[in-house]
Amino acid sequence: MSKLTLICSFYNREQGVLPTLHSIARQRFRDFEAIIIDDGSTDGTSALLRRELQKLADSRLIFRTNVVNVGLTQSLIQAIASSSTPYIAIHDAGDVSLPDRLSRQVEMLDADPTIAAVGCHYINVLPERNLHVMKRPDASGESFRSILRRPAFTHGEVAFRRDVYETVGGYRPEFRYAQDNDLWLRMIRVARFSTVPEILYHRMIYASGISQGPRTFVEQAAFYTLGRIIAQDPHFEHVALSRLRSGAHIHEILPLDDARIQALILRKTLRHMLFGDTEAAKATFAAYSRWAPLKLLKPLLSIGCRLSARGHNADGVGLVRTALRIQSGLPWAPLASSPDELDVSPSTP
1 MSKLTLICSF YNREQGVLPT LHSIARQRFR DFEAIIIDDG STDGTSALLR RELQKLADSR
61 LIFRTNVVNV GLTQSLIQAI ASSSTPYIAI HDAGDVSLPD RLSRQVEMLD ADPTIAAVGC
121 HYINVLPERN LHVMKRPDAS GESFRSILRR PAFTHGEVAF RRDVYETVGG YRPEFRYAQD
181 NDLWLRMIRV ARFSTVPEIL YHRMIYASGI SQGPRTFVEQ AAFYTLGRII AQDPHFEHVA
241 LSRLRSGAHI HEILPLDDAR IQALILRKTL RHMLFGDTEA AKATFAAYSR WAPLKLLKPL
301 LSIGCRLSAR GHNADGVGLV RTALRIQSGL PWAPLASSPD ELDVSPSTP
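Numbering follows the UniProt record's numbering, in which position 207 of the sequence shown is assigned residue number 207; successive positions increment by one, without gaps.
Written out as structure tokens, the structure reads:
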């Protein structure tokens, strides 16, 4: 039996197939299996996955297809249930794990049985904007209260223990989005988290991606908010999960004008502005801003979008980007125009 199962689920992410598969295949840690899922894609993702996996001819990479899209949460639940390794690693479609990612995370889990989940430092990469941001979180000091304020990890960077996952009930199928933070809030009550202090993961963010659309983001914000609420209120937890199981939409449980959701919408709008995606900023704000105080910011949004459109060095926007360590360029080697052009041959043991 392998020591770790890595799970990666694709849905209409054709542009991410090559970099993701190649980065998984070239992991220096060898004692793992990878379950690669096509979750009912309607573009060329499934065919490309099949072709590339045949080329790699790596028996550790197991390909599965869902005839219809069941969503990330259900795909993860099914994949974990079908495996038996002591460790699980998540890998988001389109992202890139650097060669030492799994080896470093397994070393940390092996060294301390009180650690349930391990993340790493990572880089948010926006290829369409030619921008990237280095992120150096430290989950070693996380507590239940701190995770209520902000997520402990970005989902794709994490490896965790199966036994703790099962003890707390695993991913909940009711959570179409934000299933990871809901899991962390339950895990942190029984174990500790940690972070490998090295850049080991590139998180690719495409403005045109389906997960970046305004409607999807608003649902993500609602599920994220719901997870924080029910973690503190067992009675509402029972009521909310029962309603979701019976088919209620998330906004029937948490309305769009909830101040906590509106605050996340504002944050997303400002983030779009900082990264130069002015159309997404306008669309998100116009379609989903319901909180009266936010309406006062509409003139500021218009000015900010005009500045953002001028590029990285625009007055004000450039200063804020610098302060937030948003850098121009892409983080891989200058001889490679994309991560799939790097050396992707599997490492020897």
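C-beta: ideal position from N, C-alpha, C; glycine also.
Since the structure is predicted, the reported quantities are computational estimates derived from the model, not experimental observations.
Among residues of its own chain, excluding the 5 on either side of I123, which ones have a beta-carbon nearer than 8 Å to its beta-carbon? H132, V133, M134, K135, I199, Y201, H202, R203, P331
What is the DSSP secondary structure of T20, counted as helix, strand or coil? helix
If you reduce the DSSP assignment to three classes, tell me which class E128 lands in. helix
Is DSSP giving Q179 helix, strand or coil here? helix
Applying the 10 Å Cβ sphere with the 16-neighbour rule, what's the burial state of P113? exposed
Do V118 and A159 have their beta-carbon atoms positioned less than 9 Å apart in this structure? yes
Whole-angstrom Cβ separation of A116 and V164, contact assumed at under 8 Å? 4 Å
Inter-residue Cα distance where the pair is D110 and Q27: 18 Å
Length of the line joining the Cα atoms of R150 and Y224: 10 Å
Endpoints, the beta strand (DSSP E) within which E33 is located: 32–39
Span of the beta strand (DSSP E), counted from its first residue to its last, around E198: 192–204
Using the Cα positions of D38 and K55, report the straight-line distance between them to the nearest angstrom. 17 Å
Where does the unbroken beta strand (DSSP E) through S9 begin, and where does it stop? 4–10
Does the Cβ-Cβ distance between I62 and I35 come in under 9 Å? yes
Alpha carbons only, please: which of D277, T5, A152 is nearest the one belonging to T195? A152
Please determine, among F29, S59, P19, Y11, the residue with the shortest C-alpha to C-alpha distance to G44. Y11
Just confirm the distance between the C-beta atoms of H91 and I24, as a whole number of angstroms; I'd bet it's less than 8 Å. 7 Å
Which of helix, strand or coil does DSSP assign to M1? coil
Taking the alpha-carbon positions, what's the R161 to P86 distance? 6 Å
Neighbour-count burial assignment, G169, 16 or more Cβ in a 10 Å radius: exposed
Return the chain-ordered list of same chain residues with a C-beta closer than 6 Å to the C-beta of F217, the five sequence neighbours on each side being excluded. K268
Rounding to the nearest angstrom, what Cα-Cα distance links S246 and L256 in this structure? 20 Å
Cβ atoms of A281 and H272: under 9 Å apart, would you say? yes
If you reduce the DSSP assignment to three classes, tell me which class G329 lands in. coil
With a threshold of 9 Å between beta-carbons, can T278 be considered close to chain C, or not? Among the protein chains of the structure shown there is no chain C, as only one such chain exists.
When the Cα of residue 353 is compared with those of I188, T5, E174, which residue comes out closest? What the structure shows of the chain is the stretch from 1 to 349, and residue 353 is not part of that stretch, so it cannot be assessed.
Taking just the CA atoms, how far does D180 sit from residue 350? Only positions 1 to 349 of the chain appear in this structure, which leaves residue 350 out of reach.
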